[in-house]
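Enquirer: Below you will find the structure I want to go over with you.
2 protein chains.
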Amino acid sequence: MARSSQTELAVLGGLSVGPMTGYALRQAIRDVLGHFWRESFGQIYPTLSNLERQGLVTRLGAGRSAPYALTDAGLGRLRGLLAQPVQHLPQRNGLMLRLFFGRQLGAATCRQLVLDARGEAERELVQFVVIRDEIESEVKTEADHPYWLLTISAGEHSARATIAWANQTLVALDRIEGST
Amino acid sequence: MARSSQTELAVLGGLSVGPMTGYALRQAIRDVLGHFWRESFGQIYPTLSNLERQGLVTRLGAGRSAPYALTDAGLGRLRGLLAQPVQHLPQRNGLMLRLFFGRQLGAATCRQLVLDARGEAERELVQFVVIRDEIESEVKTEADHPYWLLTISAGEHSARATIAWANQTLVALDRIEGST
DNA sequence: TGTCTCATGTAATCCGTTACATGATTGG
DNA sequence: CCAATCATGTAACGGATTACATGAGACA
Chain C
15 MARSSQTELA VLGGLSVGPM TGYALRQAIR DVLGHFWRES FGQIYPTLSN LERQGLVTRL
75 GAGRSAPYAL TDAGLGRLRG LLAQPVQHLP QRNGLMLRLF FGRQLGAATC RQLVLDARGE
135 AERELVQFVV IRDEIESEVK TEADHPYWLL TISAGEHSAR ATIAWANQTL VALDRIEGST
Chain Z
15 MARSSQTELA VLGGLSVGPM TGYALRQAIR DVLGHFWRES FGQIYPTLSN LERQGLVTRL
75 GAGRSAPYAL TDAGLGRLRG LLAQPVQHLP QRNGLMLRLF FGRQLGAATC RQLVLDARGE
135 AERELVQFVV IRDEIESEVK TEADHPYWLL TISAGEHSAR ATIAWANQTL VALDRIEGST
């Protein structure tokens with residue numbers, strides 16, 4: 015699966031929920047998929063043009079703000095892409111890199127980094143509750159909702175793991191600091 | 015902090031542990047930092063040449079297999095880079111993207127994806143124990159070790175969180191499957 | 001009228017992987 | 001002497017961000 019298909023997948027998937035403009039699509043990806051996905055305008059618009067040329071999406075009506083919608087062919091392509099093996103992204107974690115070379119950085123600075131990471135995880139956790147409530151309280155319960163909640167749950171598990179690790183790590187850093 | 019500095023950081027950091035050839039550096043990054051970092055030859059060699067031109071690293075001896083070593087200036091630069099704010103990488107999680115659009119994929123296929131993810135997390139967990147033992151049993155206990163263990167601990171927390179999430183998710187998928 | 005948000009696009013640039021090319025060294 | 005590993009590099013390509021450019025519509 016070529017890398018480009020990853021963006022195609024996100025775009026087609028977004029439109030499978032409902033017709034949208036490119037602008038709204040980008041907002042939806044940022045707001046709803048933001049915890050595990052991101053796309054920029056520079057990717058979304060060329061991809062949409064591309065998909066339109068292939069007949070996988072079409073614009074509902076004319077004019078600048080006409081939303082894009084999936085065609086039948088587009089839905090087929092989406093299902094094909096979803097069935098492709100998951101691509102393992104090159105993960106790069108700047109925090110871990112700094113901690114690994116933490117001796118050069120000093121225990122005190124490492125502490126601050128870990129505190130920051132814990133704070134961010136705590137804020138995320140709050141966000142997840144908000145999103146979960148939004149999904150569960152939507153008037154029209156979409157068939158997609160149960161799946162969406164699975165990804166929220168993953169975010170919650172991940173955030174809680176980060177917080178637990180951070181607390182342990184702060185203790186460990188105290189020991190390191192004390193022994194120098 | 016430019017993106018390129020991220021590779022510089024990893025290279026300088028690697029050499030802060032000890033002199034190495036580019037080849038060995040790549041292996042070390044793959045084997046030791048592999049859980050949260052990756053570099054390819056195409057990045058490492060140009061970066062090393064670059065750093066040598068700037069006098070931040072130097073080769074010990076002549077010849078093809080002469081290892082690179084940090085200079086004093088290089089160590090300074092490393093400390094400077096480490097102190098820069100952590101760069102938030104564009105995270106893209108293909109598994110989550112598929113689950114989010116899981117209705118199009120079908121609950122059974124989603125199940126398999128989650129099973130695969132759990133299996134991988136379990137294998138990682140075993141790996142972490144092996145690495146932890148290696149670090150703790152090294153004859154010469156390096157001052158870096160306590161910091162290395164912090165990153166192993168993060169990996170363990172993350173893997174355990176993935177396993178717990180997967181188990182919950184498998185139950186949830188059964189419910190979804192049952193209700194269709 | 002002016003400003004904010006909506007909406008679309010493009011060009012420059014950077015980063016990173018992959019594939020290719022080359023040759024030295026080591027061990028069987 | 002042959003194969004595998006060590007060791008270094010480069011060129012092509014693709015993907016992604018960023019900044020720039022443009023303009024419509026809403027509303028105050």
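One line per chain: the protein sequences are C and Z, in this order. Residue 15 is where the first sequence starts when you use this note's numbering, and the numbers rise one by one after that. Residue 15 is where the second sequence starts when you use this note's numbering, and the numbers rise one by one after that. Backbone N, C-alpha and C define an ideal beta-carbon position, used for all residues, glycine too.
Would you list, in sequence order, the uninterrupted beta strand (DSSP E) runs of no fewer than 3 residues that lie entirely inside the region 87-135 of chain Z?
Expert: DSSP runs (the beta strand (DSSP E)) wholly in the region 87-135 of chain Z: none.
Enquirer: Could you tell me the distance, in whole angstroms, from the CA atom of Z/SER79 to the CA atom of Z/ARG125?
Expert: Cα to Cα, the separation comes out at about 49 angstroms.
Enquirer: Do the region 106-126 of chain C and the region 143-155 of chain C meet, that is, are 3 or more Cβ pairs less than 8 angstroms apart?
Expert: No, the region 106-126 of chain C is not in contact with the region 143-155 of chain C.
Enquirer: Any residues in the region 20-40 of chain C with a beta carbon nearer than 8 angstroms to a beta carbon of chain Z? Which ones, in chain order?
Expert: Going along the region 20-40 of chain C in chain order, one finds GLN20, LEU23, ALA24, GLY27, SER30 with a Cβ nearer than 8 angstroms to chain Z.
Enquirer: Comparing the C-beta of C/GLN105 with each C-beta of chain Z, is any distance below 9 angstroms?
Expert: With 9 angstroms as the cut-off, C/GLN105 counts as an interface residue toward chain Z.
Enquirer: Which runs of the beta strand (DSSP E) fall wholly inside the region 42-86 of chain Z and span at least 3 residues, in chain order?
Expert: Complete beta strand (DSSP E) runs here, min 3: 71-73, 82-84.
Enquirer: Anyone know if the C-beta pair for Z/GLU22 and Z/ARG73 falls short of 9 angstroms?
Expert: No; because the gap between Cβ atoms is not below 9 angstroms, this pair is not in contact.
Enquirer: Indicate whether at least one CB of chain Z lies closer than 9 angstroms to the CB of C/ILE190.
Expert: Chain Z contact via Cβ: present.
Enquirer: Can you round the beta-carbon distance between Z/PHE55 and Z/ARG44 to whole angstroms, since I take them to be within the 8 angstroms contact cut?
Expert: Not quite, the Cβ-Cβ distance comes to about 11 angstroms (not below 8 angstroms), so this is no contact.
Enquirer: List the residues of chain C whose Cβ lies closer than 9 angstroms to the Cβ of Z/PHE114, in chain order.
Expert: Those are GLY27, VAL46, LEU47, PHE50, TRP51, ASP158, TYR161, TRP162, LEU164, THR165, listed as they occur along chain C.
Enquirer: Compare the C-alpha of C/LEU95 against each of Z/ALA87, Z/GLY108, Z/ARG174, Z/GLU138 and name the closest.
Expert: Minimum Cα distance to C/LEU95 is reached at Z/GLY108.
Enquirer: Tell me which residues of the region 79-104 of chain Z have at least one Cβ-Cβ distance to chain C shorter than 8 angstroms, keeping chain order.
Expert: Result list: LEU89, LEU92, ARG93, LEU96, ALA97, VAL100, GLN101, HIS102, LEU103, PRO104.
Enquirer: Can you give the Cα-Cα distance for C/GLY169 and C/PHE142, rounded to whole angstroms?
Expert: When rounded, the distance between both Cα atoms is 7 angstroms.
Enquirer: How should Z/TYR82 be labelled, buried or exposed, when 16 other C-beta atoms within 10 angstroms of its C-beta is the threshold for buried?
Expert: Buried is the call here.
Enquirer: Against chain C, does Z/ALA76 count as a neighbour if the rule is that its beta carbon must be under 9 angstroms from one of theirs?
Expert: With 9 angstroms as the cut-off, Z/ALA76 does not count as an interface residue toward chain C.
Enquirer: At 8 angstroms on the CB atoms, spell out the chain Z contacts of C/ARG174, in chain order.
Expert: ALA175, listed in chain order.
Enquirer: C/GLN118 versus chain Z: which residues are under 8 angstroms apart at the beta carbon?
Expert: Per Cβ cutoff of 8 angstroms: GLY27, SER30, LEU89, LEU92, ARG93, LEU96.
Enquirer: Quick check on the burial criterion: 16 or more other C-beta atoms within 10 angstroms. Buried or exposed for Z/GLU53?
Expert: Buried, since its Cβ has 16 or more Cβ neighbours within 10 Å.
Enquirer: Give the interface partners of Z/THR123 over in chain C, defined as CB-CB distance under 9 angstroms, in chain order.
Expert: Ordered by position in chain C, the residues that pass the 9 angstroms Cβ test against Z/THR123 are LEU96, ALA97.
Enquirer: Quick check on the burial criterion: 16 or more other C-beta atoms within 10 angstroms. Buried or exposed for Z/TYR161?
Expert: Flag for Z/TYR161 reads buried.
Enquirer: Taking CB distances under 9 angstroms as the criterion, tell me whether Z/ASP130 reaches chain C.
Expert: At least one chain C Cβ lies under 9 angstroms of Z/ASP130.
Enquirer: Determine the direct distance from the alpha carbon of Z/TYR59 to that of C/ILE177, and round the result to whole angstroms.
Expert: Straight-line Cα distance between these residues: approximately 37 angstroms.
Enquirer: Output the distance between the C-alpha atoms of C/SER63 and Z/LEU62, rounded to the nearest integer angstrom.
Expert: Cα-Cα distance, rounded: 41 angstroms.
Enquirer: C/LEU119 and C/ALA173 - do their beta-carbons sit closer together than 9 angstroms?
Expert: The answer is no: Cβ separation not under 9 angstroms.
Enquirer: Just checking: is the beta-carbon of Z/GLN182 within a distance shorter than 9 angstroms of some beta-carbon in chain C?
Expert: Closer than 9 angstroms: yes.
Enquirer: Please tell me whether Z/ALA186 has its Cβ less than 9 angstroms away from any Cβ of chain C.
Expert: It does: the Cβ of Z/ALA186 has a partner Cβ on chain C nearer than 9 angstroms.
Enquirer: Hey, how far is the Cα of Z/ILE166 from the Cα of Z/LEU47?
Expert: Going from the Cα of Z/ILE166 to the Cα of Z/LEU47 covers about 10 angstroms.
Enquirer: Grab the span of the alpha helix (DSSP H) containing Z/SER193 for me, first residue to last.
Expert: From DSSP, Z/SER193 is part of no alpha helix (DSSP H); its letter is neither H nor E.
Enquirer: Go ahead and label C/ALA121 buried or exposed: buried means 16 or more other beta carbons lie within 10 angstroms of its beta carbon, across all protein chains shown.
Expert: With 16 or more Cβ atoms within 10 Å of its Cβ, C/ALA121 is classed as buried.
Enquirer: Please report the straight-line C-alpha distance between C/LEU163 and C/VAL31, rounded to a whole angstrom.
Expert: Approximately 15 angstroms, taken between the alpha carbons.
Enquirer: In whole angstroms, what is the alpha-carbon distance linking C/ARG106 and C/ASN181?
Expert: The straight-line gap from Cα to Cα measures roughly 22 angstroms.
Enquirer: Decide if C/GLY88 is buried, meaning its Cβ has at least 16 other Cβ atoms within 10 Å, or exposed.
Expert: The residue in question, C/GLY88, is buried, as its Cβ has 16 or more Cβ neighbours within 10 Å.
Enquirer: Pick out whichever of C/LEU29, C/GLN98, C/ALA24 has its Cα sitting closest to the Cα of Z/LEU127.
Expert: Selected option, being the one with the closest Cα: C/GLN98.
Enquirer: By the 10 Å Cβ neighbour count, where 16 or more other Cβ atoms means buried, how is Z/ARG132 classified, buried or exposed?
Expert: Buried, since its Cβ has 16 or more Cβ neighbours within 10 Å.
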